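Peer 1: Provided herewith is a single structure, encoded as structure tokens, for subsequent inquiry.
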Amino acid sequence: RRHPAIVAALLLLAHPSEGHGVMMEPEPRQPEPLYWYQVGCMIGCTCSGNGKESYPSPASVSCTQPGVPMLTKASELTWNAQGKSSMGEWNKYMPWRAPGTAKPLDSCGIASGFSPDAAVQYAHSFTSGIKQGMKGTELPAGKVTVWKPDSVVKASYRLVVNHGGGYQYRVCPKTESPTESCFHANPLAFANGKTTVVYSTGNTILLNAVDVTEGVQPAGHAWRRLPIPACNCDFGTSCQNNTINGSTAAYTADGSNKAHGHCTFGLQFQAQHISDGSWADGYGYYVSTLGTEEKNKATAINGDPCGNHKDKTTCDSSSKNACTWYAAKTLCYSPKTTAGVGVCKDIKDETACGAASAKSGCKWHSQKQVCYPEQDEKADTSKVTGFAGTGTKDAELHQWWVEDELRAPSKLGDYILQWRWDNEQTPQVWTTCADILVTNAVSGAMFAGASLILHVLLVVAAAVAW
38 RRHPAIVAAL LLLAHPSEGH GVMMEPEPRQ PEPLYWYQVG CMIGCTCSGN
88 GKESYPSPAS VSCTQPGVPM LTKASELTWN AQGKSSMGEW NKYMPWRAPG
138 TAKPLDSCGI ASGFSPDAAV QYAHSFTSGI KQGMKGTELP AGKVTVWKPD
188 SVVKASYRLV VNHGGGYQYR VCPKTESPTE SCFHANPLAF ANGKTTVVYS
238 TGNTILLNAV DVTEGVQPAG HAWRRLPIPA CNCDFGTSCQ NNTINGSTAA
288 YTADGSNKAH GHCTFGLQFQ AQHISDGSWA DGYGYYVSTL GTEEKNKATA
338 INGDPCGNHK DKTTCDSSSK NACTWYAAKT LCYSPKTTAG VGVCKDIKDE
388 TACGAASAKS GCKWHSQKQV CYPEQDEKAD TSKVTGFAGT GTKDAELHQW
438 WVEDELRAPS KLGDYILQWR WDNEQTPQVW TTCADILVTN AVSGAMFAGA
488 SLILHVLLVV AAAVAW
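As structure tokens, this is what we get:
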């Protein structure tokens with residue numbers, strides 16, 4: 038007869054956590070870990086778990102007393118750093134403006150990012166039975182990565198959509214409850230001032246990191262700014278020199294912000310790797326695959342192949358891309374691109390939305406009472422609409438990721454590792470977790486299940502041998 042602990046251990050060993058996520062190494066405990074985060078987050082307040090509008094206010098996310106923005110230097114910021122947006126300082130209360138002060142609903146994120154009762158237009162459907170709003174800290178342990186105490190260890194993350202801001206790695210001992218205050222009390226230090234971009238081809242690019250230690254929580258402990266700048270408008274892509282859509286209106290150029298690749302009106306900030314050419318592809322908004330957008334859209338304007346046509350006659354004559362003339366905005370667009378999104382969003386009633394369905398692919402969302410492009414339901418990273426990156430799908434293979442060296446905890450024991458990314462463009466905090474064992478006994482090993490299971494198996498084996 039098998040001991041229950043051994044049965045449990047075998048089950049965990051046979052079904053390790055799988056999936057691809059924000060943190061790549063150590064391997065996350067969450068299934069499909071890209072989708073564990075929280076929305077409705079602003080500095081000084083608890084995330085609401087609701088709301089994903091493009092220009093949220095503290096009131097719209099139930100943040101009655103937002104904190105004071107602490108990061109004010111342009112060199113520390115990644116989005117609307119100089120307040121040149123036509124919407125003013127609309128992102129002054131976003132999580133990155135006072136890193137670590139927005140309070141997540143769960144330290145390891147909640148499934149789909151929304152509370153269980155939130156009306157979600159594009160809820161992620163998990164294949165593993167996970168339901169919207171489930172807490173990541175309540176999941177069983179996954180693969181355990183073994184570190185030596187006080188050693189230099191590697192951790193990595195990747196991005197699909199670039200919302201700016203920055204990140205920090207922290208741990209919480211498993212002898213304590215995995216609350217945010219526990220992770221807050223145990224930040225891991227970056228081992229050096231470098232960060233490495235790693236491509237799946239084996240190529241690597243070493244960058245000078247931008248670390249922020251003032252105005253952050255926990256106080257004095259470095260957060261690391263994301264290295265890649267988006268395009269120079271609120272949306273971060275498809276920027277234009279007019280006000281057809283406030284989110285794509287390019288910020289006023291000061292002469293030093295030159296066009297780069299498909300960012301024809303410059304970048305959100307001047308990155309050293311762009312200036313010196315060491316990583317020319319290191320920019321953009323949809324960033325799961327870098328270096329391809331300019332080639333794919335060489336003949337397009339603002340990402341829309343129909344944008345070249347300046348009048349109704351030439352627009353209507355272009356059937357290759359299903360170009361459509363939008364008289365209200367004197368714009369030629371393809372319903373499959375972000376330029377066509379505004380057509381559906383401008384429609385305010387179900388009847389008109391239905392009438393536009395055949396030509397513009399519009400669909401009525403009865404629960405939210407909005408008209409939206411139907412193709413967004415099957416969107417990939419080139420068809421995402423709105424600041425939230427809604428509709429993005431995870432890839433099976435990854436082109437690139439970012440690797441940092443950290444200083445492991447000095448105390449032996451079992452830990453949960455947290456990667457926390459505070460956004461600056463959106464009211465979102467992304468929190469991915471992994472399981473760590475700090476010990477002198479084993480070096481560089483990785484095994485499935487919690488270290489407690491290994492302890493049980495060793496004890497049972499010893500008893501049998503005796």
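Residues in the sequence shown are numbered from 38 upward in steps of one, following the numbering used here. For each residue, glycine too, the CB sits at the ideal point set by N, CA and C. Here the structure is a predicted model, which means the values were calculated and not measured.
1) Candidates 91, 110, 207, 238: which alpha carbon is nearest residue 326's?
2) Specify the secondary structure class of residue 316 as computed by DSSP and reduced to three states.
3) Run through the DSSP bridge pairs and tell me what residue 37 is partnered with.
4) Just verifying my parser: in three-state terms, what is the DSSP assignment at residue 194?
5) Let me check one thing: in DSSP terms, what residues is residue 60 bridge-paired to?
6) Are three or more beta carbon pairs between the segment 63-72 and the segment 164-181 nearer than 8 angstroms?
7) Please report how far the alpha carbon of residue 188 lies from the alpha carbon of residue 443, in whole angstroms.
8) Can you tell which of 300, 260, 261, 184 has the C-alpha that lies nearest to the C-alpha of residue 277?
9) Per the contact definition of three or more C-beta pairs closer than 8 angstroms, is the segment 88-95 in contact with the segment 230-247?
10) Tell me whether residue 383 sits in a helix, a strand or coil according to DSSP, three-state version.
11) Given a cut-off of 8 angstroms on the beta-carbon distance, is the pair residue 460 and residue 200 in contact?
12) May I ask you to list the residues that DSSP assigns as paired with residue 456?
13) Just curious, the beta strand (DSSP E) that residue 182 is in, first and last residue?
14) With a 10 Å radius around its C-beta and 16 neighbouring C-beta atoms as the bar for buried, classify residue 313 as buried or exposed.
15) Tell me the DSSP secondary structure of residue 113 in three-state form.
16) Buried or exposed: which applies to residue 465, given that a residue is buried once 16 or more other Cβ atoms fall within 10 Å of its Cβ?
17) Excluding the 5 residues flanking residue 184 on each side, which residues of the same chain have their C-beta closer than 7 angstroms to its C-beta?
18) Taking residue 234 as the reference, give the member of 264, 257, 259, 209 with the closest Cα.
19) Measuring CA to CA, which of 279, 231, 450 is closest to residue 478?
20) Can you check whether the CB of residue 81 is closer than 8 angstroms to the CB of residue 103?
21) Considering just the uninterrupted stretch of the beta strand (DSSP E) at residue 213, what are its terminal residues?
22) From what residue to what residue does the beta strand (DSSP E) around residue 231 run?
23) Secondary structure at residue 227, three-state DSSP: helix, strand or coil?
24) Assuming residue 448 and residue 186 make a contact with CB atoms under 8 angstroms, what is their CB distance in whole Å?
25) Hey, how far is the Cα of residue 398 from the Cα of residue 369?
26) What three-state label does DSSP hand residue 297 in the structure shown?
27) With 16 as the cutoff for other CB atoms within 10 Å, does residue 140 come out buried or exposed?
28) Do you know offhand how far residue 297's Cα is from residue 125's?
29) Tell me whether residue 414 is buried or exposed, calling it buried when 16 or more other Cβ atoms sit within 10 Å of its Cβ.
30) In or out: residue 389 buried (at least 16 other Cβ within 10 Å) or exposed?
31) Evaluate residue 174 with the Cβ neighbour count: other Cβ atoms within 10 Å of its Cβ, from every protein chain shown; 16 or more gives buried, anything less gives exposed.
32) Of all the options 328, 117, 230, which has the alpha carbon lying nearest to the alpha carbon of residue 318?
33) Quick one: what's residue 450 bridged to in DSSP?
34) Kindly indicate which three-state DSSP category residue 65 falls into: helix, strand or coil?
35) So for residue 439, helix, strand or coil by DSSP?
36) Give the secondary structure of residue 277 by DSSP, where H, G and I count as helix, E and B as strand, and everything else as coil.
Peer 2: This is what the structure holds:
1) Counting from one through the sequence shown, the residue named residue 326 turns up at place 289. When only C-alpha atoms are compared, the closest one is 238.
2) Stepping through the sequence shown from its first residue, residue 316 is reached at position 279. In the structure shown, residue 316 sits in coil (DSSP, three-state: anything other than H, G, I, E or B).
3) With the chain covering 38 to 503 only, the question about residue 37 has no answer from this structure.
4) Within the sequence shown, residue 194 is the residue found at index 157, counting from 1. In this structure, residue 194 counts as strand in the three-state DSSP scheme.
5) For the purposes of this step, residue 60 is taken as the residue at position 23 of the sequence shown. DSSP, once it has assigned bridges, lists 194 as partnering residue 60.
6) yes
7) Here residue 188 refers to the residue found at position 151 when the sequence shown is read from its first residue. Here residue 443 refers to the residue found at position 406 when the sequence shown is read from its first residue. In a straight line, the C-alpha of residue 188 is about 8 angstroms away from that of residue 443.
8) Working through the sequence shown from its first residue, we reach residue 277 at position 240. Residue 277 has its Cα closest to that of 300, out of 300, 260, 261, 184.
9) no
10) As a working mapping, residue 383 is identified with position 346 in the sequence shown. Residue 383: coil per DSSP, three-state reduction.
11) Locating residue 460 in the sequence shown gives position 423, counting from the first residue. Locating residue 200 in the sequence shown gives position 163, counting from the first residue. Yes; because the gap between Cβ atoms is below 8 angstroms, this pair is in contact.
12) By one-based count along the sequence shown, residue 456 stands at place 419. Looking at the DSSP assignment, residue 456 forms a beta bridge with 206, 469.
13) Working through the sequence shown from its first residue, we reach residue 182 at position 145. It spans 181-184 - the beta strand (DSSP E) in which residue 182 sits, taken as one unbroken run.
14) The residue labelled residue 313 in the question sits at position 276 within the sequence shown. Exposed, because fewer than 16 other Cβ atoms sit within 10 Å of the Cβ of residue 313.
15) To locate residue 113, count along the sequence shown from 1; it is residue 76. Reduced to three states, the DSSP call for residue 113 is helix.
16) Against the sequence shown, residue 465 aligns to sequence position 428. So residue 465 counts as buried.
17) In the sequence shown, residue 184 corresponds to position 147, counting from 1. Around residue 184: 190, 445, 473, 475.
18) In the sequence shown, residue 234 corresponds to position 197, counting from 1. Looking at the Cα atoms, 264 is the closest of the given residues.
19) For the purposes of this step, residue 478 is identified with residue 441 of the sequence shown, where counting begins at 1. Answer by Cα proximity: 450.
20) Mapped onto the sequence shown, residue 103 falls at position 66. Mapped onto the sequence shown, residue 81 falls at position 44. It is a contact, given that the beta carbons lie within the stated cut-off.
21) Numbered from its first residue, the sequence shown carries residue 213 at position 176. Segment: none, residue 213 is in no beta strand (DSSP E) and carries neither H nor E.
22) For the purposes of this step, residue 231 is identified with residue 194 of the sequence shown, where counting begins at 1. From DSSP, the beta strand (DSSP E) with residue 231 extends over 231-236.
23) Residue numbering aside, residue 227 sits at position 190 when the sequence shown is read from its first letter. Strand at residue 227.
24) On the sequence shown, position 411 is the one that residue 448 refers to. On the sequence shown, position 149 is the one that residue 186 refers to. Right, their Cβ atoms sit about 7 angstroms apart.
25) Stepping through the sequence shown from its first residue, residue 398 is reached at position 361. Stepping through the sequence shown from its first residue, residue 369 is reached at position 332. Answer to the nearest angstrom: the Cα atoms are 15 angstroms apart.
26) Translated into the one-based positions of the sequence shown, residue 297 becomes position 260. Of the three classes helix, strand and coil, the one that applies to residue 297 here is strand, per DSSP.
27) Taking the first residue of the sequence shown as position 1, residue 140 is located at position 103. Flag for residue 140 reads buried.
28) Locating residue 297 in the sequence shown gives position 260, where the first residue counts as 1. Locating residue 125 in the sequence shown gives position 88, where the first residue counts as 1. Rounded to whole angstroms, residue 297 to residue 125 spans 24 angstroms at the Cα level.
29) Start at 1 with the first residue of the sequence shown, and residue 414 comes out as number 377. Because residue 414 sits at a pLDDT of 39, beneath the cut-off of 50, its placement in the model cannot be relied upon, and the point is left open.
30) Residue mapping note: residue 389 aligns to position 352 of the sequence shown, counting from 1. Label assigned to residue 389: exposed.
31) The sequence position of residue 174 within the sequence shown is 137, counting from 1. Flag for residue 174 reads buried.
32) The residue you call residue 318 lines up with position 281 of the sequence shown. The shortest C-alpha separation from residue 318 is found at 328.
33) Translated into the one-based positions of the sequence shown, residue 450 becomes position 413. Answer is 475, bridged to residue 450.
34) Residue numbering aside, residue 65 sits at position 28 when the sequence shown is read from its first letter. Strand, per DSSP.
35) Taking the first residue of the sequence shown as position 1, residue 439 is located at position 402. Of the three classes helix, strand and coil, the one that applies to residue 439 here is strand, per DSSP.
36) Taking the sequence shown and counting its residues from 1, one reaches residue 277 at position 240. Strand.
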